[in-house]
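Q: In our numbering, the protein residues as written are 72 to 294.
Every residue, glycine too, gets a C-beta built ideally from N, C-alpha and C.
Right, I'll just put the structure down here and ask away after.
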């Protein structure tokens with residue numbers, strides 16, 4: 072998608088991603104926006120016309136069956152293929168929400184002149200969104216390599232519940248979503264990597280240790 076086809080401001084671009092229901096199309100749009108942003112083709116000025124941020128990002132009704140967290144089966148410790156697929160699916164689902172969370176913070180708070188956010192803020196979260204999109208795509212590819220796919224298992228949307236609780240405050244959003252949740256994920260990821268290595272799944276382990284983990288560290292710094 073060329074930059075001329077994108078909205079003129081980063082807030083409007085963020086809204087376009089949030090309104091895109093298909094997660095694969097969401098990845099493509101994220102990549103297009105990030106490329107245009109780095110090239111200087113998108114403004115960080117507030118939109119000229121009023122904007123409304125959706126209470127919840129668009130999601131396909133038939134892609135992933137959402138259930139309460141307590142109804143999810145135990146994922147196990149990665150010793151079996153089924154357990155490893157459950158772990159990969161859970162990580163892909165987290166990354167799919169992380170894409171939306173990155174754009175929501177731009178769309179929701181970037182239009183608020185009271186925060187007077189510098190361009191560096193948008194630089195950080197556009198980069199985070201692009202990373203999360205890449206992580207999601209790589210995890211989905213890994214699922215396909217193992218004969219599965221994103222949506223093969225149920226999932227929960229606890230991450231978005233936290234976003235809803237912090238939608239009125241940028242400091243609260245940064246503290247809860249982009250510091251606490253990101254840090255918690257970093258704490259447990261080495262254990263997940265070790266489980267895949269013990270099971271002989273070096274491809275999944277390398278994806279997490281060489282790509283996802285080091286990039287997630289920078290996301291905590293952005294928060």
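Closest by CA to residue 263, which one among 157, 82, 121 and 128?
A: For the purposes of this step, residue 263 is taken as residue 192 along the chain shown, with counting starting at 1. Comparing Cα-Cα distances from residue 263 to each of 157, 82, 121 and 128, the minimum goes to 157.
Q: Any contact of the region 173-187 with the region 104-120, i.e. 3+ C-beta pairs under 8 Å?
A: Below 8 Å, enough C-beta pairs join the region 173-187 and the region 104-120 to call them touching: three or more.
Q: Whole angstroms are fine: how far does the CA of residue 76 sit from the CA of residue 98?
A: The residue given as residue 98 occupies position 27 in the chain shown. The residue given as residue 76 occupies position 5 in the chain shown. Those two C-alpha atoms are separated by around 16 Å.
Q: Between 273, 287 and 267, which has its C-alpha nearest residue 251's C-alpha?
A: Residue 251 sits at position 180 when you count from the first residue of the chain shown. The alpha carbon of residue 251 has as its nearest neighbour, out of 273, 287 and 267, the alpha carbon of 287.
Q: Give the DSSP bridge partners of residue 226, in chain order.
A: Numbered from its first residue, the chain shown carries residue 226 at position 155. As DSSP reads the structure, residue 226 sits in a beta bridge with 137.
Q: I'd like to know whether the C-beta atoms of residue 282 and residue 174 end up nearer to each other than 7 Å.
A: On the chain shown, position 211 is the one that residue 282 refers to. On the chain shown, position 103 is the one that residue 174 refers to. Cβ distance not < 7 Å, so residue 282 and residue 174 don't count as in contact.
Q: Got a sec? Which residues, its chain only, sit under 7 Å from residue 127 by beta carbon, not counting five neighbours each side?
A: Stepping through the chain shown from its first residue, residue 127 is reached at position 56. Closer than 7 Å at Cβ, skipping near neighbours: 231.
Q: Straight-line CA distance for residue 224 to residue 124?
A: Your numbering for residue 224 matches position 153 in the chain shown. Your numbering for residue 124 matches position 53 in the chain shown. Approximately 29 Å, taken between the alpha carbons.
Q: Enumerate in chain order the residues of its own chain whose CB-to-CB distance from residue 136 is below 7 Å, with the five nearest sequence positions on each side excluded.
A: Within the chain shown, residue 136 is the residue found at index 65, counting from 1. Cβ neighbours of residue 136 beyond the five flanking positions: 225.
Q: Let's test the definition: count the other Cβ atoms within 10 Å of the Cβ of residue 200 and tell me whether it reaches 16, buried, or not, exposed.
A: For the purposes of this step, residue 200 is taken as the residue at position 129 of the chain shown. Its Cβ being crowded by 16 or more others within 10 Å, residue 200 is buried.
Q: With DSSP as the reference, label residue 114 as helix, strand or coil.
A: Translated into the one-based positions of the chain shown, residue 114 becomes position 43. Strand, per DSSP.
Q: Put residue 80 into one of helix, strand or coil per three-state DSSP.
A: Here residue 80 refers to the residue found at position 9 of the chain shown. Looking at residue 80 - three-state DSSP - the assignment turns out to be strand.
Q: Less than 7 Å between the C-beta atoms of residue 297 and residue 140, yes or no?
A: Any property of residue 297 remains undetermined from this structure, which presents the chain solely from 72 to 294.
Q: Within 10 angstroms of the Cβ of residue 109, are there 16 or more other Cβ atoms? Answer buried if so, exposed if not.
A: Residue 109 sits at position 38 when you count from the first residue of the chain shown. Exposed, since its Cβ has fewer than 16 Cβ neighbours within 10 Å.
Q: How would you write the range of the alpha helix (DSSP H) that residue 15 sits in, first residue to last?
A: The displayed coordinates of the chain run from 72 to 294. Any statement about residue 15 would go beyond what the structure contains.
Q: Looking at the unbroken alpha helix (DSSP H) that takes in residue 247, where does it start and where does it end?
A: By 1-based counting over the chain shown, the position of residue 247 is 176. Element bounds for residue 247: n/a, residue is neither H nor E.
Q: In this structure, does DSSP put residue 257 in helix, strand or coil?
A: Residue 257 sits at position 186 when you count from the first residue of the chain shown. Correct three-state label for residue 257: helix.
Q: With DSSP as the reference, label residue 94 as helix, strand or coil.
A: Working through the chain shown from its first residue, we reach residue 94 at position 23. When secondary structure is reduced to three states using DSSP, residue 94 falls in the helix class.
Q: Nearest to residue 132 by CA position, among 153, 162 and 222, is which residue?
A: Taking the chain shown and counting its residues from 1, one reaches residue 132 at position 61. Ranking the options by Cα distance to residue 132, first place goes to 222.
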